[in-house]
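With my numbering as the guide, the letters of the sequence shown map in order to residues 102 to 226. The next block holds one structure in the form of structure tokens; read it before the comments.
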Amino acid sequence: MSKRFLIGWLCALSMLAACNNPTVPRGILPPDSMKVMLWDMFRADELAANDVAADSALSLKKQTEHYYGQVLFIHKTDTKTFSESYRYYQNDPALFKALMDSVYAYGERNANKPNRILQKPVRVE
């Protein structure tokens, strides 16, 4: 009887482990992480554009890179991981559409929440 219990327990654990495996390969950000990061990247683009509109001496490219760096820091990742993950999702149209739809829905739910990215203009030389 204890052998049956042990075998049943091991089968249940293996099924649970299989259900918890990410749907993306190792090294690729999971959809939930990617969704939040993309939302923050979109907000970073908007912040950079607002900074440049307020101060024409600022460089849009440098401001954008600055805010992107902050997003990567907040999410504890790097440019390489983000870029590889983004390409992975782009190469699968159905997966990319699902990701973009989830980013849109996430943005709708969180549009009025404070931005985690620095909001005041930062001069990046």
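In this text, a Cβ means the ideal position worked out from N, Cα and C, and glycines have one as well.
What residue from K136, I129 and L130 has the CA that sits closest to N211's CA?
With distances taken between Cα atoms, N211 lies closest to K136.
If you count every other CB in all the chains shown that lies within 10 Å of the CB of Y190, and 16 or more means buried, which is it?
Around the beta-carbon of Y190, 16 or more other beta-carbon atoms lie within 10 Å, marking it buried.
What separation, rounded to the nearest whole angstrom, lies between the Cα atoms of M142 and R127?
Here the alpha carbon of M142 sits roughly 22 angstroms from the alpha carbon of R127.
Whole angstroms are fine: how far does the CA of L161 sit from the CA of A149?
For A149 and L161, the distance between alpha carbons rounds to 6 angstroms.
Please report the distance separating the alpha-carbon of M201 from that of P131.
Taking the Cα positions, M201 is about 13 angstroms away from P131.
Coil, strand or helix - A212 by DSSP
Three-state result, A212: coil.
For Y187 and L139, what's the separation of their Cα atoms in angstroms?
Going from the Cα of Y187 to the Cα of L139 covers about 9 angstroms.
Y168 burial status per 10 Å Cβ neighbour count (16 or more: buried):
Counting of Cβ neighbours within 10 angstroms places Y168 among the buried residues, the total reaching 16 or more.
Whole-angstrom distance between H176 and K163, CA atom to CA atom
So the two alpha carbons sit approximately 20 angstroms from each other.
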